[in-house]
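Asks: Heads up: the sequence lines are chains A, B and C, in that order. The number in my numbering is simply the position in the first sequence, starting from 1, with 18 added. The number in my numbering is simply the position in the second sequence, starting from 1, with 4 added. The number in my numbering is simply the position in the third sequence, starting from 1, with 59 added.
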Amino acid sequence: MSNMTGTSKSIQIEDLQNALTETIERVHAEKDDRKKKKLILQISKYNSKLNKLKSGKLLSRQAKRDLIAYSFIAPNFIGFCVFTLIPIVFAFALAFMKWDGSNPITFEGLNNFKRLFGDTFFKAALKNTIIYCVGTVPLTMVASLALAIILNQKVVGRGIFRTLAFFPYVASLVAITSVWKMLFHPSKGPINNILYTFFHVPQESLPQWFSGSLCVISMILFSVWKYMGYYMVIYLAGLQGIPGELYEAAALDGAGTWKQFKYITWPQLSSTTFFVVVMLTINCFKVYDIAVMLAGGGSGELTTSATVLVYYIYQKAFIDWDLGYSSAVAMVLFLMVLVVTIIQFRGQARKEA
Amino acid sequence: MKKKVISLLMSAAVAASLLAGCGAQPAPAPATEAPKTETKEETPAAEVKEETPAAEETVEEAEPVTLKWAIWDESTTQYWGDIKAAYETAHPNVTIEMVDLGSTDYMTVLATELSGSGSDFDVVTIKDVPGYATLVQKNAIIPLDDYIAADGVDLSKYAGATDQVTVDGKLYELPFRNDFWVLFYNKDIFDAAGVDYPTNDMTWEEYDELARKVTDTTFGSQIYGTHYHTWRSTVQLCAVLDGKHSILDGNYDFMKPYYEMVLNQEKDGVCRKYTDLKTEGLHYSAAFSGGDVAMLNMGSWFIATMMTNLKSGEYDSSLCGNWGIVKYPHADGVPAGSTLGTITGLAVTSASDTPDAAWDFVKWVSGEEGAAVMASSGNFPAIMTDEVKEAITSLDGFPTDEASKEALNVSNLYLEVPYGENVSEINSILDSYHGSIMTGEMSIDDGIAAMNEEVSALLK
Amino acid sequence: MRSAHRKAIIRKIIVYILLLIIAVLMITPFLWMFSAAIKSDREVFKINPFVFIPPVPKWSNYVDIWTRIPFARFVGNTFFLTIVVTLLQLLTSSFAAYSFAKLRFRYRNGLFLAYIATIAMPWQVYMVPQFILMRRMGLNDRLLAIICLQAFSAFGVFLMKQFYEGIPDDLCEAARIDGMSEYQIYTRIMLPLSKPALATLVIFTFVNTWNDYLGPLIYLKTQNKKTIQLGLKMFISQYSSDYGLIMAGSMLSLIPVLIIFLCFQKYFVEGVASTGLKG
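In structure tokens:
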């Protein structure tokens with residue numbers, strides 16, 4: 019057996035050697051540049067094959083390195099591929115189909131997207147989601163930046179304050195929304211009670227925090243409160259990256275606090291702000307649980323004044339079993355996130371240029 | 005433990021009394037019972053289904069079978085366990101495996117479980133009609149007509165309920181529980197206010213008047229004359245009781261007077277505010293057992309809940325122990341006793357590999373034997389006979405006055421939601437605008453107009 | 060000079076006042092939660108006069124919650140999920156990130172782009188197809204589904220890669236010359252260095268998994284597989300007026316995340332700073 023492979027190997031080597039010398043001769047003879055290049059490429063291939071055979075190793079050094087690298091990536095990538103990439107591709111396809119999860123899939127073309135235009139609930143969801151984003155993104159950004167600047171000063175108990183600010187982010191949504199609903203209870207909650215007792219707001223006009231147009235505002239307030247600690251940490255990290263000399267120089271020039279902020283802190287933080295805004299936007303478009311838990315009541319149903327895109331996606335998919343249409347709504351969500359991200363990338367690139 | 009024993013004893017007693025009345029086969033006679041159904045089944049199975057599995061069934065009839073059954077709230081609902089125990093005693097070769105899917109999103113969860121392949125449920129409980137429609141459209145459950153025809157199940161005993169869930173001439177579920185809506189009231193509150201109890205023959209106007217009479221808006225010791233849970237059924241469905249309208253109509257103008265009544269009551273403090281209820285997610289049982297609600301319109305399932313929870317001490321009997329029921333109020337010119345019905349059914353999944361055994365279970369539970377078990381815990385089986393009524397009203401804990409017993413006599417029963425093609429979507433639309441009207445986001449007229457528009461667009 | 064000194068003092072005072080306001084805003088709901096958890100239903104909404112601890116504290120709420128619903132089961136499930144997901148996430152992410160940051164190989168940029176692109180993709184966009192796929196694989200209503208869902212996030216890889224890129228390449232080169240294999244370099248040099256980044260990732264993953272609601276809602280159906288968040292929500296809709304119990308349950312659900320946060324927060328800001336999360 020070994021003898022046979024041994025002989026076949028020497029034959030192979032001989033063949034390759036012959037092919038190599040032949041090609042080298044042809045290169046010399048060849049006039050056309052492009053063809054010449056091709057042949058040279060072939061020569062290098064023959065060479066590497068020869069080396070491999072002669073050294074008796076199966077893999078070249080490069081291939082080995084690749085393999086090691088892939089072995090590092092594989093555990094995560096396989097999971098990522100199966101559970102994220104494939105579903106994403108599937109989601110794109112599904113938006114053009116009609117499917118209820120059981121019966122055969124049929125192709126729908128653009129019909130799902132056409133339906134969107136006449137759908138009152140979709141329009142309400144889209145509107146609420148946009149209002150929520152427009153309210154939440156700037157407010158959270160400003161609040162977290164202010165918080166970060168204050169907590170970056172040398173103050174007593176800084177660590178404790180930082181931890182406190184991060185508490186709401188860590189706390190579970192179900193738990194914390196139930197507290198908010200008690201605090202803002204329309205007729206019994208302490209907030210309305212204070213409004214009634216101390217500010218003499220008549221009982222009929224006490225704000226109904228979780229219904230009507232106030233609903234989205236409550237959602238915005240809640241998200242700012244819950245998430246500002248998280249973005250504060252990111253800003254803190256950004257602030258710590260600004261060299262102290264800049265401030266010293268500015269102080270020497272007589273620049274006040276506001277000027278220091280305007281000419282040093284803000285421009286230095288621009289990449290942090292970019293990151294914060296992108297992450298905030300993405301997270302805001304994803305809003306679902308906040309709406310369901312604040313405005314959904316026991317059954318979790320949302321009226322047109324509180325419905326959001328993800329809720330509609332969920333409802334269409336898991337209650338009405340209209341998977342294609344649900345995917346089409348999801349595509350709208352994706353497109354909006356994409357557009358906002360691209361706009362911000364452009365702005366960022368221009369600033370840096 | 006003790007409770008269980010009592011209930012079992014009771015179920016046996018009720019069963020015995022029932023049997024004397026209807027002359028059905030004795031339930032605790034497995035030896036004769038089991039082969040009988042098997043032989044009956046053989047003929048249709050051979051005709052309709054592929055021959056091989058049916059033949060196997062009959063040859064190895066004693067072969068142990070396990071049926072996986074989807075239910076909700078096992079710990080708080082007594083009859084699931086009772087049914088399982090009674091059926092297993094009658095059919096020693098069958099094991100019933102209950103899977104609790106929780107009541108909150110039961111039908112959603114079930115539809116998820118059953119869509120596509122990979123489910124291993126044999127029998128599923130059908131909680132509501134929209135969910136039933138979804139399962140039928142997904143081909144997740146099988147039509148039972150061939151079985152029904154072959155076993156000679158008489159559908160007329162379901163008093164028309166099965167007609168309303170028949171899809172294109174086919175029936176996919178058999179009801180085993182049939183609840184109807186009644187008016188619960190707290191006698192102590194009426195006594196304290198010196199107001200006469202509600203009666204079995206009230207128009208909506210009389211009901212409204214009564215609710216206002218008993219209401220006390222003094223801050224700190226409020227008494228609410230009535231209570232509406234956040235479901236749309238509590239308001240919208242008062243309107244369909246005249247028999248002329250249905251929830252699938254596409255035009256909902258007829259609901260306006262009822263919205264006006266409820267919203268006016270809310271304004272005057274006669275009932276709790278919808279927005280408050282929604283914020284706290286207050287459960288109707290918590291509201292009624294709290295002792296500050298005089299009347300509550302609710303399904304008859306709440307009777308069993310009241311009875312068990314008062315007995316176990318979960319509800320404070322000084323607050324709500326003295327309760328009664330009367331017939332649902334009715335519109336002018338409609339006979340008293342017209343009310344809404346909600347059926348709970350059983351269906352056989354298309355994924356089941358033992359459909360014949362599953363069908364036998366469905367037939368048993370929805371038949372007379374199952375009815376006896378249901379009645380023993382104060383629940384209303386789909387087959388309502390005088391004996392069943394008698395069994396329920398004589399249970400310990402059931403209100404003792406004559407009016408409460410009389411309240412169980414229903415003259416016209418309208419299903420909350422009959423079957424329709426888009427019933428699931430219509431349901432979502434009506435739910436959503438019910439919320440909008442009740443929170444005041446939309447005026448009654450705007451809300452109803454929006455319902456009309458959305459639903460007719462769907463029906464087109 | 061003196062006015063400057065006074066200015067500095069005023070500034071300090073303003074800062075402290077602001078801090079106080081923030082602290083109050085942040086902590087009030089938690090204090091309310093704590094207080095309501097030991098009150099009876101009648102005391103919960105009394106604010107005139109407001110008592111923080113009622114004369115007869117109802118500590119029994121903390122006991123009752125374990126018997127009213129299978130709370131222990133929910134806690135067990137959530138712990139299991141969170142710990143497995145966090146460990147898997149740390150392991151696979153740092154593994155893959157090392158490769159992306161320190162090794163040169165074919166299709167590196169392409170593969171990394173796939174990761175980056177999905178960070179901007181909201182999970183909700185593909186949750187439906189993902190669910191269908193998982194159900195096909197028989198993962199519906201199994202805890203494993205949540206593990207698969209959470210453990211392989213692009214975010215973790217991105218975070219760790221940013222951190223590793225901050226570690227000088229010379230370190231690895233030197234180790235390679237010493238004859239260490241890539242696996243040895245990863246375990247002996249990189250992992251010990253990446254504590255801040257790992258701590259950051261632990262906090263993020265732990266908080267996310269522990270508090271996740273929509274994922275378990277879609278995948279976990281049977282009662283005994285539910286997580287704390289689902290259990291709490293179910294409890295709230297069932298015992299809607301038992302505020303004390305609801306608050307007690309909520310308090311309990313906060314404790315593990317708080318412990319994790321406090322343990323790792325030492326590294327946290329450093330971690331965020333060094334992982335380039337700041338942009």
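We treat Cβ as the ideally placed atom computed from N, Cα and C, and that holds for glycine.
Between the Cα of B/D132 and those of B/L148, B/Y176, B/E92 and B/T99, spot the shortest distance and give me the residue it belongs to.
Replies: If you compare the alpha carbons of B/L148, B/Y176, B/E92 and B/T99 with that of B/D132, the shortest gap goes to B/Y176.
Asks: Between the region 202-227 of chain A and chain C, which residues of the former have a C-beta closer than 8 Å to a C-beta of the latter?
Replies: Going along the region 202-227 of chain A in chain order, one finds H203, K206, G207, P208, N211, I212 and T215 with a Cβ nearer than 8 Å to chain C.
Asks: Throw me the rounded Cβ distance for the B/G295 and B/C324 pair, which I believe falls under 8 Å.
Replies: The C-beta distance from B/G295 to B/C324 rounds to 5 Å, short enough to fall under 8 Å.
Asks: In terms of residue numbering, what span does the alpha helix (DSSP H) encompassing B/W363 cover?
Replies: Note, B/W363: alpha helix (DSSP H), P359 to S370.
Asks: Please identify the residue among B/D272, B/E117, B/V128 and B/K315 whose C-alpha is closest to the C-alpha of B/S293.
Replies: B/K315
Asks: Would you tell me roughly how many angstroms separate the C-alpha atoms of B/K409 and B/I251, rounded to the nearest one?
Replies: 30 Å
Asks: Quick one: is A/L356 buried, meaning 16 or more other Cβ sit within 10 Å of its Cβ, or exposed?
Replies: A/L356 comes out exposed.
Asks: Comparing the C-beta of B/A453 with each C-beta of chain A, is any distance below 8 Å?
Replies: no
Asks: Compare the C-beta of A/W276 with all C-beta atoms of chain B and state if any pair is closer than 8 Å.
Replies: no
Asks: Label A/S162 either buried or exposed according to how many other C-beta atoms from any shown protein chain fall within 10 Å of its C-beta, with 16 as the threshold for buried.
Replies: buried
Asks: Answer yes or no: does any C-beta atom of chain A fall closer than 8 Å to that of B/K282?
Replies: yes
Asks: Output the boundary residues of the beta strand (DSSP E) element that contains B/H231.
Replies: Segment Y228 to H231, the beta strand (DSSP E) holding B/H231.
Asks: For A/M114 and chain C, any beta-carbon pair shorter than 8 Å?
Replies: The amino acid at residue 114 of chain A is misidentified as Met; the sequence shows Phe. Output row for A/F114: interface = no.
Asks: On a CA-only basis, which of B/E373, B/S432 and B/V414 is nearest A/I337? Give me that one, please.
Replies: B/S432
Asks: If we define contact as Cβ-Cβ less than 8 Å, is C/K293 a contact residue for chain B?
Replies: A small correction: the amino acid at residue 293 of chain C is Met; Lys does not occupy that position in the sequence shown. For C/M293, the answer is yes, since a Cβ of chain B falls inside 8 Å of its Cβ.
Asks: Could you tell me which residues DSSP pairs with B/L175 in its beta bridges?
Replies: Paired residue(s): B/T170.
Asks: What span of residues does the beta strand (DSSP E) with C/M249 cover, start to end?
Replies: First-last for C/M249: undefined, no H or E at that position.
Asks: How close, in whole Å, do the beta carbons of C/L250 and C/S309 come, if the pair is a contact with beta carbons under 8 Å?
Replies: Incorrect: roughly 36 Å between the Cβ atoms, too far for contact.
Asks: Tell me whether the region 323-343 of chain B and the region 143-161 of chain B touch, counting them as touching only if at least three CB pairs, one residue from each stretch, are closer than 8 Å.
Replies: no
Asks: For chain B, is any of its Cβ atoms less than 8 Å away from the one on A/G119?
Replies: yes
Asks: CA-CA distance, C/I205 and C/D271?
Replies: As the crow flies, the alpha-carbon of C/I205 is around 10 Å from that of C/D271.
Asks: Report back the beta-carbon spacing between B/E270 and B/Y278 to the nearest angstrom; my notes put them in contact at under 8 Å.
Replies: Their Cβ separation, rounded to whole angstroms, is 7 Å, which keeps B/E270 and B/Y278 in contact under 8 Å.
Asks: DSSP on B/S4, reduced to helix/strand/coil?
Replies: No answer is possible for residue 4 of chain B: it lies beyond the span of chain B, which begins at 5 and ends at 464.
Asks: Here's the rule I'm using: 16 or more other beta-carbon atoms within 10 Å means buried, otherwise exposed. How should A/Y245 be labelled?
Replies: A/Y245 counts as buried, since no fewer than 16 other beta carbons sit within 10 angstroms of its beta carbon.
Asks: Taking the Cβ atom as the reference point for each residue, do B/D183 and B/F384 lie within a distance shorter than 8 Å?
Replies: yes
Asks: If the criterion is Cβ atoms closer than 8 Å, does the pair B/M311 and B/L399 meet it?
Replies: yes
Asks: Across which residues does DSSP place B/E101 in a beta bridge pair?
Replies: Answer is B/K72, bridged to B/E101.
Asks: Are at least three pairs of beta-carbons, each pair with one atom in the region 130-144 of chain A and one in the region 212-224 of chain A, less than 8 Å apart?
Replies: no
Asks: Can you tell which of A/A367, A/G207 and A/T325 has its C-alpha closest to the C-alpha of A/F140?
Replies: A/T325
Asks: Using the rule of at least 16 other Cβ atoms within 10 Å of the residue's Cβ for burial, across every protein chain shown, is B/H233 buried or exposed?
Replies: buried
Asks: From this set, A/Y214, A/H203, A/D33 and A/G365, which residue's C-alpha is nearest B/E284's C-alpha?
Replies: Residue A/H203 is the option with its Cα nearest to B/E284.
Asks: Which stretch, first to last residue, makes up the beta strand (DSSP E) that contains B/Y418?
Replies: N416 to L419
Asks: How is the alpha helix (DSSP H) around B/G382 delimited, first residue to last?
Replies: No alpha helix (DSSP H) holds B/G382; DSSP gives it neither H nor E.
Asks: Which of the three DSSP states is assigned to B/Y189 in this structure?
Replies: strand
Asks: Jot down the residue ranges of each uninterrupted alpha helix (DSSP H) in the region 42-118 of chain A, minimum 4 residues, whole runs only, in chain order.
Replies: 51-73, 79-98 and 104-112
Asks: Using 8 Å as the threshold, is the region 184-196 of chain A in touch with the region 269-280 of chain A, meaning 3 or more CB pairs across them?
Replies: Fewer than three pairs of CB atoms, one per stretch, sit closer than 8 Å, so the region 184-196 of chain A makes no contact with the region 269-280 of chain A.
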